[in-house]
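The sequence shown begins at 1 in our numbering and counts up by one. Yeah, the Cβ is synthetic: ideal placement off N, Cα and C, and Gly gets one too. Small disclaimer: the values here were computed from a predicted structure and weren't measured. Take a look at the structure below.
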Amino acid sequence: MADILLLEPGYANKYPPIGLMKISYFHKYIHHDYVRFAKGKLPDAFKEKKWDRVYVTTLFTFEWQKTKEALEYALSVVKDPSQVYTGGILATLMPELIAENFPTVKNNPGLLDKKGTLGLEHEECIDRLTLDYGILDDIADEYVYPAHDAYFTYMTRGCGMKCAFCAVQTLEPEYYPYISITDTVRRVDEQFGPKKDLLLMDNNVLRSPRFDEIIDEIKDLGFAKGATYINPKTKKRVQRFVDFNQGLDAFLLTPHKAKRLGELAIRPARIAFDHIEDAEAYKKAIRLCAENGITHMSNYLLYNGVDFTGKGHSYHADTPEDLYERMHISMALQEELIKSTGHKVAIFSFPMRYIPLEDLKRGFVGTHWNPKYLRALQRMLIPTQGKGVSSRSFFEADFGKTPEEFVRALAMPESHLGWRGDFIPHKNETPGEIKARKAVWDENQLYLKEWNRLFDMLGDSRETFISTIGDNNTTIDRFVALSDLTQKKLFIHYFTTSTMLKAFSMESENDRKIYVDYITNEFPIMYQRLIRYITNGRVPYSSLLGICRVMDKKVVVDILNFLDYEAEELPFVVHNLSKVQTMIKKFFFDFELIKCLFMYSQYGILNRRERNRIINSIKTLDERTTRELLLKHFESFKSAVLMNATEGEVGATYIIEELDKQLTNVYKQLSIYDV
């Protein structure tokens, strides 16, 4: 009996590793080996153990770093370096990468569908074996796959369409039109218990000439329309679903096949809409599904692409306008079908970013896209949890009423994107909370209005500006390099708060003047928001040097006017202003006096009227009046402090003596001037 370790790299994924589950079944139930599964690496309890064989699965090429870490770990825990095996998507698409980086690792590209692929005794066709669901228990405390209560299997293999962007022609080059799963499901039921759903990973089931046999077998297995299942844990009856997870080809969906699909508990029917050129085929397929009682449909919308060929067609590289049109088509179809069928129909669209098969990272940018647009789209998808279609009102608020509005939104600063839409009170929100949130919303609308005003003023220079912000490198150097005044003003909206503070230290006096004039005079809300940020946050004093040099006493007055004098502790910014004036050799105010005010407030020395007088003198940098008013109440403050020191306790006398020394220092601070 051998010790077998199965490793899945430590990336996040929705579905369990089907290949490893089949290998586990072979080793555990046919070879009777000891098998352990781990995600990333084993728990510390196995730190000293060495394994006879280690299998490492691979997924997408852009997960190369995690895959590399898993292979390195495998080599560190195996007895013999020649007994590490790998396979899966990345290993099949880029075998030379595995060979170059891990020459001792045995790579098994493609399917394990031939006798002796792994060189094991009694090995026939591992690809047709039952999945060992038991290995998921090995990592149950650290990772649970979102989809786990399902039969994961195939009833066909391969595709045959040879789309240029798709890996299936490499992973599964041969098409198998029918693979019975009845025995597999029966063995799963016997060994691991029945599963709720049936998740079929077929890449092109509609191409099969034995499609009717496939549907009949699925129905016989208990997944006909309306099928239910009793949860063994809760004992509750729940609906079962069939999911052709890799999608259905709209070009191959006929009325007969749609009718047969409608006989299943299918949810959702996934119909690809990768290219705008496929719009008519897509709409026809969606309507066929709805006519046959399929009420939940979804699609993946490929974007960020290049020119493609596939399905006997040539496709141009998609544009942002194309993506909008595809999302809009699905939204409009949903409305149409709800009206025509008289019942609820849901169509969910999932924009999916194209990444070339050979890319080891996610950084690829398509022909008509740029990093700014790609990031903005992800921000726009957050409210829909990655889905691009909901109600018309929400769709238009998030993506715009026209393709032009959509592209304009992609060009917006990322922060501005979240400010669009109408103001809606939240459930259980108090009137005070509504008022406060509405004030912020109103201010955000002014930002949007200003951004749109400047964007409209770009005219013929709009494309030049978009190319400037296209790589998301919105730095001060880029601002300085711009020659057009409107572009400069608009570019300021893309600054982060830290960049806004750094901009006060620009070497170019002219650029600095343009910047300061815009945020203080032309659009002063921006300056006011910056002051609030400085006052309420914990901005390092070094970040305040530039603004204090340029704005001089004005910025100090603005900060002190916005300061929260009701706070329990002295605001952080007061300490920093004291440091700043020392660093830039400009005296604004003795900020120790503000510290004294907070000390007085702690002991309740001042009444409201007296306190307000002191605060007003601080806000106007009237240091003499501030000292005079604080000194006037010093004896009361001293008495309160000393009285607060507990008498009768060990060390009380020492505490009082020390406090007296500190208070003497306070007094000296307050009476620097002869008041």
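Roughly how many angstroms separate the alpha carbons of Ile531 and Phe562, rounded to a whole number?
8 Å
With distances taken from CA atoms, which of Glu277, Leu302, Glu325 and Gly293 is nearest Tyr315?
Glu277
What does the alpha-carbon distance come out to for the pair Val440 and Arg267?
42 Å
Leaving out five residues on either side along the sequence, give the residues of the same chain with a beta carbon under 6 Å from the beta carbon of Val650.
At Val650, the pLDDT of 48 sits below 50, so the modelled position is not reliable; the number obtained from the coordinates is stated separately. Same-chain partners within the cutoff: there are none.
Check: Asn370 C-beta below 6 Å from any heavy atom of the ligand FMN
Among the ligands in the structure shown, none appear at all, so the ligand FMN cannot be discussed.
How many angstroms separate the CA atom of Ala227 from the CA atom of Arg240?
6 Å
Taking 7 Å as the cut-off, decide whether the C-beta atoms of Lys50 and Lys79 are in contact.
yes
What's the gap between the Cα of Lys311 and the Cα of Arg207?
12 Å
Report buried or exposed for Leu288, applying the criterion of at least 16 other Cβ atoms within 10 angstroms of its Cβ.
buried
Proximity below 7 Å, CB of Ala74 to CB of Val84:
yes
For Asp3, the first and last residue of its enclosing beta strand (DSSP E)
Asp3 to Glu8
If you run the structure through DSSP and keep just helix, strand and coil, what is Ser298?
strand
Does the Cβ of Tyr34 have 16 or more other Cβ atoms within 10 Å, making it buried, or fewer, making it exposed?
exposed
For Leu301 and Ala140, the rounded distance between their alpha carbons:
33 Å
Should Cys163 go down as buried or exposed, given a rule of 16 or more other Cβ atoms within 10 Å for buried?
buried
Run through DSSP, which three-state label would Tyr667 get?
helix
Does Lys435 pass the burial test, meaning 16 or more other C-beta atoms within 10 Å, or should it be called exposed?
exposed
Where in the region 168-241 do unbroken runs of the beta strand (DSSP E), each at least 3 residues long, occur, reported from the N-terminal end onward?
197-200, 228-230 and 237-239
At a cut of 8 Å, does the region 573-590 reach the region 541-551 through at least three beta carbon pairs?
yes
Helix, strand or coil for Ser24? Go by DSSP, reduced to three states.
helix
For Leu264, the residue or residues it bridges with in DSSP:
Ala224
Do Leu360 and Ala167 have their CB atoms nearer than 7 Å?
no
Please name the residue or residues paired with Phe348 in a DSSP beta bridge.
Ser298
Leaving out the 5 sequence neighbours to the left and right, which residues in its chain are closer than 6 Å to Thr57 when beta-carbon positions are compared?
Glu8, Pro17, Gly19, Leu20 and Gly88
Nearest to Thr402 (by Cα), restricted to the options Gly432, Leu323 and Ser340
Leu323
First through last residue of the alpha helix (DSSP H) which encompasses Ser76:
Trp64 to Val77
If you check the beta carbons only, do Lys39 and Gly10 fall under 7 Å apart?
yes
Quick one: what's got a C-beta closer than 8 Å to Tyr145's C-beta in the same chain, skipping five residues either side?
Asn13, Lys14, Tyr15, Pro16 and Leu136
Strictly by DSSP, which residues pair up with Lys106?
Tyr85
Rounded to whole angstroms, what's the CA-CA distance from His31 to Val77? Just pull it up for me.
21 Å
Per DSSP, cross-strand counterpart(s) of Asp243
Leu199
By the DSSP assignment, the beta strand (DSSP E) with Ala38 in it spans what residues?
Tyr34 to Lys39
Please classify Thr464: is it buried, with 16 or more other beta-carbons within 10 angstroms of its beta-carbon, or exposed?
exposed
Hey, out of Leu112, Phe62 and Thr86, whose CA is closest to Thr104's CA?
Thr86
Run of the alpha helix (DSSP H) containing Val555, from where it starts to where it stops
Lys553 to Phe562
Mark Asp318 as exposed unless 16 or more other C-beta atoms lie within 10 angstroms of its C-beta, in which case mark it buried.
buried
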